[in-house]
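Each residue of the sequence shown is one higher than the one before, counting from 2 in our numbering. Cβ coordinates follow ideal geometry from the N, Cα and C atoms, glycine included. Small disclaimer: the values here were computed from a predicted structure and weren't measured. Heads up, the thing below is written out as structure tokens.
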Amino acid sequence: MHDQTVAQLSRGLREKRFSSVELTRHLLDRIGQLDSQLNSFITVTGEQALAAADHADRILAAGGAGPLTGIPIAHKDIFCTDGVRTSCGSRMLDNFVPPYDATVVRQLADAGTVCLGKTNMDEFAMGSSNENSYYGPVKNPWHTGLVPGGSSGGSAAAVAAGLVPAATGTDTGGSIRQPAAFCGITGLKPTYGRVSRLGIVAYASSLDQGGPMARSAEDCALLLNAMAGHDPADSTSTRREVPDYCAELERPLEGLRIGLPKEYFGEGLDAATGECIQAALRELESQGATLVEVELPNSHLTIPTYYIIAPAEASTNLSRFDGVRYGHRCDSPENLHDLYTRTREEGFGDEVKRRILVGTYALSAGYYDAYYRKAQQARRLIRDDFLACFESVDVIAGPTAPGPAFGIGEKISDPVAMYLEDVYTLAVNLAGLPGMSVPAGLVDGKPVGLQLIGRHFDEGRLLNVAHRFQQATDWHTRTPDIAGGAA
Numbered sequence: 002m003h004d005q006t007v008a009q010l011s012r013g014l015r016e017k018r019f020s021s022v023e024l025t026r027h028l029l030d031r032i033g034q035l036d037s038q039l040n041s042f043i044t045v046t047g048e049q050a051l052a053a054a055d056h057a058d059r060i061l062a063a064g065g066a067g068p069l070t071g072i073p074i075a076h077k078d079i080f081c082t083d084g085v086r087t088s089c090g091s092r093m094l095d096n097f098v099p100p101y102d103a104t105v106v107r108q109l110a111d112a113g114t115v116c117l118g119k120t121n122m123d124e125f126a127m128g129s130s131n132e133n134s135y136y137g138p139v140k141n142p143w144h145t146g147l148v149p150g151g152s153s154g155g156s157a158a159a160v161a162a163g164l165v166p167a168a169t170g171t172d173t174g175g176s177i178r179q180p181a182a183f184c185g186i187t188g189l190k191p192t193y194g195r196v197s198r199l200g201i202v203a204y205a206s207s208l209d210q211g212g213p214m215a216r217s218a219e220d221c222a223l224l225l226n227a228m229a230g231h232d233p234a235d236s237t238s239t240r241r242e243v244p245d246y247c248a249e250l251e252r253p254l255e256g257l258r259i260g261l262p263k264e265y266f267g268e269g270l271d272a273a274t275g276e277c278i279q280a281a282l283r284e285l286e287s288q289g290a291t292l293v294e295v296e297l298p299n300s301h302l303t304i305p306t307y308y309i310i311a312p313a314e315a316s317t318n319l320s321r322f323d324g325v326r327y328g329h330r331c332d333s334p335e336n337l338h339d340l341y342t343r344t345r346e347e348g349f350g351d352e353v354k355r356r357i358l359v360g361t362y363a364l365s366a367g368y369y370d371a372y373y374r375k376a377q378q379a380r381r382l383i384r385d386d387f388l389a390c391f392e393s394v395d396v397i398a399g400p401t402a403p404g405p406a407f408g409i410g411e412k413i414s415d416p417v418a419m420y421l422e423d424v425y426t427l428a429v430n431l432a433g434l435p436g437m438s439v440p441a442g443l444v445d446g447k448p449v450g451l452q453l454i455g456r457h458f459d460e461g462r463l464l465n466v467a468h469r470f471q472q473a474t475d476w477h478t479r480t481p482d483i484a485g486g487a488a
């Protein structure tokens with residue numbers, strides 16, 4: 002059962018080929034047997050999962066089931082879950098148990114899903130390799146010597162290894178798409194405001210967005226149907242009607258105009274990865290799409306812009322972690338200053354401290370105009386580049402990452418090299434656009450992802466293009482030999 006998609010499992014449950022309890026037990030057993038190799042889970046909620054599965058089976062028996070009823074999933078450990086530890090991969094929140102569910106958690110529970118637990122992640126979602134977790138690095142199921150990508154690497158690894166059919170992730174600068182590419186799964190970052198941010202522990206509030214991670218575009222569409230929608234408790238949530246994302250999956254691609262930014266296919270792109278992307282584009286072209294070269298002239302501003310804005314917002318958001326109200330607190334503080342200083346020194350890891358320092362500097366008196374204000378102006382230029390492209394094309398395509406997954410420890414001591422791993426994904430967040438990564442090939446046995454970028458709130462079109470590509474290829478069906486060790 003672990004090798005089936007969400008859509009296949011949904012049909013199996015409704016046809017009574019197996020029960021949700023049987024499926025849940027199977028996956029919990031698999032987590033118990035295999036996750037010691039991957040470290041993809043921080044918390045496993047077996048007892049709660051079986052109770053939820055039993056409830057789902059009763060709904061299935063009564064004939065009132067929806068497409069996600071009884072489907073096991075996992076949540077990235079950045080989503081607050083009522084009564085279940087939510088750590089954000091940090092010592093700072095190692096003992097934090099929220100008294101409420103994030104809106105996304107509640108919506109998926111209301112849709113009938115069964116939560117198996119919380120997945121490992123880079124601390125406070127800061128990282129591109131999932132090596133920054135307080136609980137240790139997550140390992141890529143395709144080869145356990147490789148990183149799974151970050152920060153949603155635990156979710157990506159768990160789906161790729163067949164521990165869960167789907168999981169939630171968050172994407173601030175590529176943290177759904179890049180690990181999806183490294184682990185050979187499908188991941189979707191919706192338009193900013195399409196999915197509620199309530200209950201997602203904030204990293205960079207103008208960039209963070211939750212989304213689905215699964216094997217196929219069809220699965221992501223099923224999950225997004227439940228996740229999307231206006232949340233009156235979230236001021237950044239948009240008041241916009243939610244379409245049925247499954248309705249146009251089969252739409253033909255004749256007449257589709259796909260923009261290829263020349264900046265995404267030049268220096269810095271691994272040659273073999275580029276060949277996989279070109280092969281994927283030829284497949285889309287064979288289905289009637291037209292490939293159009295476009296330009297994003299301000300793309301060179303993406304990394305410096307992101308690494309001013311995101312750390313600045315992080316320095317503000319993480320100021321709440323001070324040892325006073327919740328989370329880690331240092332022992333026997335001498336005074337308030339000592340409490341703050343030692344709590345944050347002990348509770349935060351190196352990458353989090355690095356970004357807090359950068360962000361605080363950028364927002365400080367005398368530097369705000371020189372750095373933060375300039376970064377916001379550059380952000381508008383980046384957004385305008387995309388809007389100009391979308392006047393002549395329907396979708397933009399390119400690589401998700403410069404190359405396949407790299408080795409654990411290979412870049413951890415070089416922050417700049419690590420930041421460059423997100424060179425193709427960051428701009429999507431800065432512009433607030435939807436983007437997704439689709440498996441598009443293997444390089445030396447390591448997965449490669451094709452990135453698709455759409456107009457604001459045009460997730461349906463991205464899912465359609467991805468689905469049509471996956472109907473013609475089998476890259477999304479390839480799975481690592483985790484049971485036998487490193488692939």
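Alpha carbon to alpha carbon, how far is residue j from residue i? Give it in angstroms, no decimals.
i, j, result
"residue 24", "residue 39", "21 Å"
"residue 218", "residue 373", "37 Å"
"residue 73", "residue 166", "7 Å"
"residue 222", "residue 100", "29 Å"
"residue 236", "residue 104", "13 Å"
"residue 13", "residue 80", "29 Å"
"residue 416", "residue 409", "14 Å"
"residue 110", "residue 10", "17 Å"
"residue 239", "residue 212", "15 Å"
"residue 68", "residue 36", "28 Å"
Report all residues from its chain with a CB closer than 6 Å to the CB of residue i; omit the five preceding and five following residues, and keep chain order.
i, result
"residue 195", "229"
"residue 156", "77, 120, 168, 170, 214"
"residue 326", "none"
"residue 359", "312"
"residue 188", "177, 178, 181, 214, 438"
"residue 293", "258, 260, 394"
"residue 94", "88, 328"
Is the Cβ-Cβ distance between residue i and residue j less than 9 Å?
i, j, result
"residue 106", "residue 169", "yes"
"residue 480", "residue 150", "no"
"residue 179", "residue 129", "yes"
"residue 407", "residue 441", "no"
"residue 394", "residue 463", "no"
"residue 31", "residue 154", "no"
"residue 379", "residue 363", "no"
"residue 405", "residue 271", "yes"
"residue 1", "residue 29", "Residue 1 lies beyond the residue range present for the chain, which begins at 2 and ends at 488; the question has no answer from this structure."
"residue 175", "residue 426", "yes"
"residue 142", "residue 274", "no"
"residue 102", "residue 70", "no"
"residue 113", "residue 45", "no"
Let me know the secondary structure DSSP gives residue i once reduced to three states.
i, result
"residue 294", "strand"
"residue 487", "Confidence at residue 487 is low in this model, with a pLDDT of 37, below 50, so its placement is unreliable and no value can be given for it."
"residue 177", "coil"
"residue 80", "strand"
"residue 40", "coil"
"residue 32", "helix"
"residue 3", "coil"
"residue 189", "strand"
"residue 142", "coil"
"residue 229", "strand"
"residue 254", "coil"
Could you check where the alpha helix (DSSP H) with residue i kicks off and where it finishes?
i, result
"residue 359", "351–364"
"residue 409", "Counting along the chain, residue 409 falls outside any alpha helix (DSSP H), and DSSP gives it neither H nor E."
"residue 166", "Neither: residue 166 is in no alpha helix (DSSP H) and is coded neither H nor E."
"residue 464", "460–473"
"residue 331", "Where residue 331 is concerned, there is no enclosing alpha helix (DSSP H), given that its DSSP letter is neither H nor E."
"residue 214", "Segment 211–215 is the beta strand (DSSP E) holding residue 214; no alpha helix (DSSP H) there."
"residue 417", "416–420"
"residue 9", "7–15"
"residue 375", "375–390"
Spell out whether any CB of chain D is found under 9 Å from the CB atom of residue i.
i, result
"residue 247", "In the structure shown, chain D cannot be found, because there is only a single protein chain."
Using C-beta distances below 7 Å, list every residue in its chain close to residue i, excluding the 5 sequence neighbours before and after it, in chain order.
i, result
"residue 137", "40"
"residue 18", "none"
"residue 344", "323, 324, 329, 330, 331"
"residue 108", "227, 228"
Here's a check: name, in chain order, each residue in its chain whose Cβ is nearer than 8 Å to the Cβ of residue i, leaving out the five neighbours to either side.
i, result
"residue 209", "126, 171, 172, 173, 198, 201, 203"
"residue 383", "297, 299, 300, 302, 303, 306, 428, 431, 432"
"residue 27", "2, 3"
"residue 486", "Only weak support is given to the placement of residue 486: the predicted model assigns it a pLDDT of 39, under 50, and the question is left unresolved by the model."
"residue 6", "166, 215, 216, 217, 219, 220"
"residue 444", "271, 273, 274, 277, 404, 405"
Along the chain, where does the beta strand (DSSP E) that runs through residue i open and close?
i, result
"residue 116", "115–120"
"residue 438", "436–444"
"residue 99", "First-last for residue 99: undefined, no H or E at that position."
"residue 258", "258–262"
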